[in-house]
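To start, the structure itself, in structure tokens.
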Amino acid sequence: MIPITHFLYLAFGLFVIGLLGVLLRRNVLIVLMSVELMLNAANIVLVAFSRMHANLDGQVLAMFTIAVAAAEAAVGLAIVVSIFRSRTGTDIDDLSLLRD
Amino acid sequence: MNETEFNLHFIPLFPLLGAVFNLLFGRLLMRSLGDRLGREIIHLVAIGAVAFSCFFTTQALFSTMVGHGYVRLIDTVYPWIMSGDVSIGFDLVLDHLSGVMCLVITGVGLLIHIFSVGYMAHDPDYGRYFGYLNLFCAAMLILVLGKNLVLTFVGWEGVGVCSYLLIGFWFTDDAKATAGRKAFIMNRIGDFGFILGMLLIYNVVGSLDFDAIERACASGESSLLVTTTTYGGFTIATLATLLLFLGCTGKSAQIPLFTWLPDAMAGPTPVSALIHAATMVTAGVYLIVRMNFLFALAPVTMGVIAIVGGVTALFAATIGITQNDIKKVLAYSTVSQLGFMFMAAGMGAWVAAIFHLVTHAFFKACLFLGSGAVIEACHHNQDIRTMGGLKEKMPVTAGTFFVSCLAIAGIFPFAGFFSKDEILLHVQVNSANGLFGVGDAGVNTLVYALGIVAALCTSFYMFRLYYLTFGGKFRGDHHTWHHHVREQWIMSLPLVILAGLATVGGLLGWPHVFHGAIHMPHVLEEWLEPIVATSSHFAGNLDVGVRPEFLHEGHVAAGKELTGMAIGLAIGIAGWVFARSLYLGGPSAQAEGYAKRLGPAYKASLAKYWVDEIYDFLIVRPVRVIGSLLYQVADMLLVDGVGVQGVSGSVGLLGRVVKGLHNGNVRRYLVALLFGFAVLLGVIYLNPSISRGDIMQKDASGERVLDPDIGLRRTLGEQKVKVELFGIPLLRLGPEDDANAGGPGPMRPGEIARPNLPPPAGSPDAPGGQP
Amino acid sequence: MNHLLTALLVLPIVGALVVATLPKAETKLAHGVGIAFGVLEFLISIPLATGFELGNGGMQFETNIPWISEFGINYHVGIDGFSLWIVLLTTLLTPLCIWGAWNSIEKRGAEFVAAMLVLETGMLGALVALDLILFFTFWELMLVPMYLIIGVWGSEQRVAAAIKFFIYTMVGSALMLAAIIYLAVAHWQATGGVWTFDLMLLDDLVLPPQAQALCFWAFVASFAIKVPLFPVHTWLPDAHTQAPTPGSVILAGVLLKLGTYGMLRFAFPLFPLAAGEGAQILALLAIIGIIYGALVAYVQTDAKRLVAYSSVSHMGFIVLGIASVSTQGFTGATYQSLAHGLTTGALFMSIGILYERRHTRLISEFGGLAKVMPWFTAFFMIAMLGSAGLPSLVGFVGEFLIVVGAFTEGGLTLVQAPVLVTIAAVGVILGAVYLLFLFQRLMFGPITNPKNEGLKDLSLRETFVFLPVILLIIVMGVYPKPFLERIDPTSQAAVARFQLKRCASIKHSLAEVPTTLDTLVERCAEPEKVIGETYGDQRLSTVMATPAEPAQAEPPDAPPPEGQPKPGDDAPKGAH
């Protein structure tokens, strides 16, 4: 039996990779992909605990997460396209409109 | 004592209605009916109102009281202030004391109203003037008719307002308006004492009705007012009377609150005669005599009153000697004469105080009205250095003025002689006990000496005034002399009547010692006997009243009384002769010589001892400075600056700091998010009660028990979870490991174990199943 | 059920709606409609006074309809002696103010009239509400139109003043809301699950000492800001100075009174133990305010600011009366509220009239006005003398009752009552000083400024606006009986109830949980005795009877610090 800590280590590693990607990369596309990585890390934890407890709740939630991630990717990519069209670039640091 | 219900409220009501009429319609009448007819209506209404009051009072007094023993007329008009057990009624009483006062007020008031018709004949604000004058009469009548202290206070403040309005009657002159304001504020300082005294009395007696207070005082030394002591060991009676006396010093212009009265001469002269000589300023004396039973219980206060009276009498008289304004001399004379009355009151010579009050009303009103006639004649010039020789132009005025001078100087047989001598006699003989440990004789001798010197000064400055004004040659300009305003009958008539009263007024208090020559009762003494009955029964330490031997003829001290009279007469004549020698033909070189020789003393007297300047420096300015300081420092700087601006400023500052973080850079936001999450994790990790799910809760019985539903416990069941990275424990969940509790042993990775719970019964087809 | 009060609450709102639908340009029409509604409102409020049952200290004209039943929130309104006359004062002043603004407010006239009418509903609602949530709703409702009146129709720095006013008031309100919710929860606990916000029911609660203290100060914070008590008074001069005349009149006439009314109605009856102890601090602040306000008023150069600071001084008297917890104090405070509303209202009207003519409020710009404006001067003088507390005018009656109450009853031990009253009496002197100073600078002396020579005396409209107020100032001073006899039974009942609840709170002071009064009432047969035993007899005569004692003489058994148990009290219900 694989101890749950192994799952947690894996999830942690994935999450950190995703996080670093979000934080360090400036290309919006890469950032989006990194977000997906983080979501999947969360999914792994959910599924692992679900399995541990013999309870399906976690797995159901993971399904939801995947669905939401797909939607998010769709919307996110659409936004990226529109940003690219309007600003001819996908550098995230150029987008500081939130400030105002 | 008999009491009868009587419609006394008509007495103050009529002047009040007159006032309302003239104040509302005076201007309108003069504008619509023409100047002349308007004035006629205005003064007829005003005089009629006072005449009615005078008639009504006289009628009430003579039909029900004179010759009927002690009868009081009571009028319970309506309950005024009622709350809980406080019940202040609008109740009036006409007894022997208020009867005397009412007669003086309405009688002298009537004459002064008549005089005013001439004096104010060309004033555009005719209606306003008579309105105020009537209003004053109404307030003064309420003051003396009030059956309780609060109602007296209504009149007390009412006359203060009227005085304020009349002093500042010609308000376009800022100095006159300021004089009015000063009078009002000084009176307010006195009223402060009045209110507190009232409260102290109420607190012990439980009522402010004069009768109730008298009943409470009747038991003398065993009265609750004496046995209850308060701050500094003073009895309530002492403290209350001292506070009331503070009120009296304000109203009656005694030290230390006297400086407003000379300034009050800014008002029209008939006003000075009525308010600032005959009636209002004597309210303090009236109050003390009205409450004689209470004051008699407080020997300390009595001593203070006597000494303040004596010192004021002399102090004001010395200022009066050097003044050059005809009204200022009379004003200081009034202050000085009021001092005499307080001297009497402080000695327990209540009747003598009222006697002098009455005679003073006669001769001082006459003097003021005479000065008014002079001022009118001299085209509103008041400086006696530029007068002189007016006897020739205004013989009636000069004659009445001279008679009044004789009266005030205490020359036999004019009214002042009798009243002043009665006061000095009491001062000499009676006892004021226990003031500051000074024995009877000490206080008496001191006050007597003050009184004698003051009487000498009085005689001197009055005749100085007379000779400088009426004697010698005219020293003013030609124009004034030739266009001199003639005497009018409407102004001379009151003068003659008042001079007559000043001549015969002494008969009210015919001394017992003269009974050998002419047998006449001391009318006033017999009349006021019921008023002072309570206090005259106090014995021992409180025996301040009239000694019994003076009540009956043929007493042992007859020689003493005659000696006192002789001394009084002698100093009166001495002052007269001295003044005559210096000023008969106008200011002489000799007089200047004296002034030069006296040097600083003369200057000090001329400058009124700089009392106004001292008050200004010590009180008026500091109040303004403190006010500014409070406004600038406390309000603007501390409360608004540090407080309000501080709070809003620091919120603003925080906002600016936080605004810098929100620069729109998403990645920076994410770093902050990560940082926050790390902090959160750290908190959870460092706080075992959360990481163990150890949340306590009270159950129904109040016991503290673990809450089964809170924390991560539910997720983990009995599992132990530990997460570590490079040997550093990151997460440790589940119940504490007892074996490891002692020390940090090597961390064992947890295992996924089957939970103790059975699998959910309803989910046999769980996709994961069991590994 | 009596729907008179409901009608009073609804009518101004209807008026405001009607005014809002009028064509924008018709300013005069809007004023006319507003006045008509105001007068109608006043007329239908008169039966409150005439139909008021004498000798009844309880609530009258009550209406109680469930509103949000889940939480026991009711539409419960009623009036008693404390609120009756202030309600009438409100309905009187509102039409006068709208009429007074006939010419001065041209810009957005309809909106102004609507705001005034909404404000009237807010004030009346706060005065008649007997449900705490209802009260709080109206309390906040009041704020909005006043904020707009200052912020839209005010002078140069109106926005800053409006914001200051709003935020100051909100701070207090927030604390009060927390206390209100705690009260309902406490009632739920004490009664085993009954939700209510009804004042009449919450009044039966006896809270533990610490809860009382917290709630008392939360309520007082809100009311003290409204009063305003020193040192949270600084919004008032700004608000008054910047507000348009009708705003100032309503602010001084009614709004400030809601602070003292709130203390009488809520803070003191609900938390008697804390109030009994807090009264000393309130009295001290009141005294400081009396002197401070007077001194600061004396140095003002702006006439309106001077009157505003005089309000701080006068309102101190009212708080002193409340803090004395005596029949005379309560009656006097209520009466003084009316007096201050009338006199200060009239003074603000006067200064508004000057401002309308000269567009300045600086005292130095005027002088000698008595010559050109005699009637105006007369009215101003009566208002001023009433404000200075001249006997036979309205100000004296209240002031006298307050000092009598404070002096003789004196639930005050921190500084002895006579000392406090003495200092307060100094405030009376200072009152005369600054008011006469103002009067002389405005009215007397020669006309130094040529602009003042052509000033017109009161127009007919202005005279009629003034006249009711001036007449009331005189009538209420000369013949206060009809007013006092309607206030006094309520004061007596309130004081008796306060002592009873205070005694019950003492008996309950060891407990940690609230309870209801009926569990304690039989142990409080002689409340004065219990209070006397706990705190020492504080009546002046007994304190004074001990010869030659220093001023801060405390009875031998000093009162226990708040919340600490006293031997012989209730057994503790919960262990610490």
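Residue numbers (our numbering), protein chains in the order written: chain Y, 2 to 101; chain X, 4 to 774; chain S, -15 to 560. For every residue, glycine included, the Cβ atom is placed at its ideal position computed from N, Cα and C. Note that the structure is a prediction, hence the values are computed from the model and not measured.
Residue from the options whose Cα sits closest to the Cα of residue i
{"i": "G42 (chain S)", "options": "S:S67, S:E54 and S:K485", "result": "S:S67"}
{"i": "L114 (chain S)", "options": "S:P228, S:T(-10), S:F96 and S:Y293", "result": "S:T(-10)"}
{"i": "S321 (chain S)", "options": "S:M299, S:I337 and S:A33", "result": "S:M299"}
{"i": "K435 (chain S)", "options": "S:G156, S:T344, S:S334 and S:G373", "result": "S:T344"}
{"i": "H279 (chain X)", "options": "X:G253, X:L656, X:L673 and X:F133", "result": "X:G253"}
{"i": "T285 (chain S)", "options": "S:F421, S:I117 and S:F96", "result": "S:F421"}
{"i": "Q424 (chain S)", "options": "S:E95, S:F364 and S:R342", "result": "S:F364"}
{"i": "L442 (chain S)", "options": "S:A236, S:V356 and S:R507", "result": "S:V356"}
{"i": "G351 (chain S)", "options": "X:T175, X:P603, X:L496 and X:P259", "result": "X:T175"}
Beta-carbon proximity of residue i to residue j, cut-off 8 Å
{"i": "F314 (chain S)", "j": "G246 (chain S)", "result": "no"}
{"i": "G323 (chain X)", "j": "G250 (chain X)", "result": "no"}
{"i": "C81 (chain S)", "j": "P230 (chain S)", "result": "yes"}
{"i": "G183 (chain X)", "j": "I170 (chain X)", "result": "yes"}
{"i": "L73 (chain S)", "j": "V238 (chain S)", "result": "yes"}
{"i": "V462 (chain S)", "j": "S334 (chain S)", "result": "no"}
{"i": "D638 (chain X)", "j": "T327 (chain S)", "result": "no"}
{"i": "L501 (chain S)", "j": "K491 (chain S)", "result": "no"}
{"i": "A502 (chain X)", "j": "V406 (chain X)", "result": "yes"}
Three-way DSSP call (helix, strand, coil) for residue i in this model
{"i": "H60 (chain S)", "result": "strand"}
{"i": "A113 (chain S)", "result": "strand"}
{"i": "A529 (chain S)", "result": "Note on A529 (chain S): pLDDT 43, under 50, position unreliable in the model; the coordinate value appears next. Helix."}
{"i": "V74 (chain X)", "result": "strand"}
{"i": "W530 (chain X)", "result": "helix"}
{"i": "W513 (chain X)", "result": "coil"}
{"i": "Y81 (chain X)", "result": "strand"}
{"i": "D286 (chain S)", "result": "strand"}
{"i": "G138 (chain S)", "result": "coil"}
Exposure label - residue i; buried when at least 16 CB within 10 Å
{"i": "A163 (chain S)", "result": "buried"}
{"i": "Y289 (chain X)", "result": "buried"}
{"i": "F466 (chain X)", "result": "buried"}
{"i": "V526 (chain X)", "result": "exposed"}
{"i": "N10 (chain X)", "result": "exposed"}
{"i": "M427 (chain S)", "result": "buried"}
{"i": "T11 (chain S)", "result": "buried"}
{"i": "W579 (chain X)", "result": "buried"}
{"i": "E616 (chain X)", "result": "exposed"}
{"i": "N5 (chain X)", "result": "exposed"}
Enclosing alpha helix (DSSP H) for residue i [first to last residue]
{"i": "T777 (chain X)", "result": "With chain X covering only 4 through 774, there is no way to say anything about residue 777 (chain X)."}
{"i": "Y289 (chain X)", "result": "A286 to R293"}
{"i": "T244 (chain X)", "result": "I239 to K254"}
{"i": "S225 (chain X)", "result": "That residue, S225 (chain X), is in no alpha helix (DSSP H); it is neither H nor E in DSSP."}
{"i": "P524 (chain X)", "result": "Premise fails: P524 (chain X) is in no alpha helix (DSSP H) and is neither H nor E."}
{"i": "G363 (chain X)", "result": "The sequence as given places His at residue 363 (chain X); Gly does not occur at that position. Here the alpha helix (DSSP H) through H363 (chain X) covers W353 to A380."}
{"i": "C508 (chain S)", "result": "Premise fails: C508 (chain S) is in no alpha helix (DSSP H) and is neither H nor E."}
{"i": "P256 (chain S)", "result": "P256 to Y282"}
First through last residue of the beta strand (DSSP E) which encompasses residue i
{"i": "T7 (chain X)", "result": "N5 to E8"}
{"i": "E46 (chain S)", "result": "Q44 to I52"}
{"i": "G92 (chain X)", "result": "V89 to L97"}
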